[in-house]
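Novice:
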Amino acid sequence: MGNLDSTTPCPLPATGYLRLYQIIGRPARNGQPAVPALIPVSRSTWWAGVKSGRYPQPVRSLGPNITVWRVEDIRALLHSGTSDPRP
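Basically our numbering = 1-based index in the sequence shown + 1156.
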């Protein structure tokens, strides 16, 4: 296997959930590797998009303080072409 470039997003699973950092990315920190962004926007832009309906609603029924998004919803967003952060 070859090395993955830190800017290459990992393939999405068929089903499951993604946390916010897996969607918008995160720089390397505290010995943890960087996570490349699927949708390169800031946290505030993401949440504003969720509020306006541009981005999918989160799932919050998994437990206290757990906010995730369905992989299927994120994949549909990526394929629809509406993940562009520009208004």
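Ideal Cβ positions, reconstructed from N, Cα and C, are used throughout, including at glycine. It should be emphasised that the depicted structure is a prediction, and the values quoted were computed from it without experimental measurement.
Starting from serine 1198, follow the alpha helix (DSSP H) in both directions and report where the run begins and ends.
Specialist: The sequence position of residue 1198 within the sequence shown is 42, counting from 1. Segment: none, serine 1198 is in no alpha helix (DSSP H) and carries neither H nor E.
Novice: Do you know how far the Cα of glutamine 1213 is from the Cα of leucine 1174?
Specialist: Residue 1174 sits at position 18 when you count from the first residue of the sequence shown. Residue 1213 sits at position 57 when you count from the first residue of the sequence shown. Distance between the alpha carbons of leucine 1174 and glutamine 1213 is about 12 Å.
Novice: Using only alpha-carbon positions, find the residue among Ser1198, Arg1199, Tyr1177 and Ser1200 that is nearest to proline 1189.
Specialist: Against the sequence shown, residue 1189 aligns to sequence position 33. Of the listed residues, the one whose Cα sits closest to proline 1189 is Tyr1177.
Novice: How would you call isoleucine 1179, buried or exposed, if buried means at least 16 neighbouring beta carbons within 10 angstroms?
Specialist: Walking along the sequence shown from the start, residue 1179 turns up at place 23. It is buried - the Cβ of isoleucine 1179 has at least 16 other Cβ atoms within 10 Å.
Novice: Short of 8 Å in beta carbon distance, which residues of its chain neighbour alanine 1170, apart from the five on each side in sequence? Order them along the chain.
Specialist: Residue numbering aside, residue 1170 sits at position 14 when the sequence shown is read from its first letter. Hits under 8 Å: Val1227.
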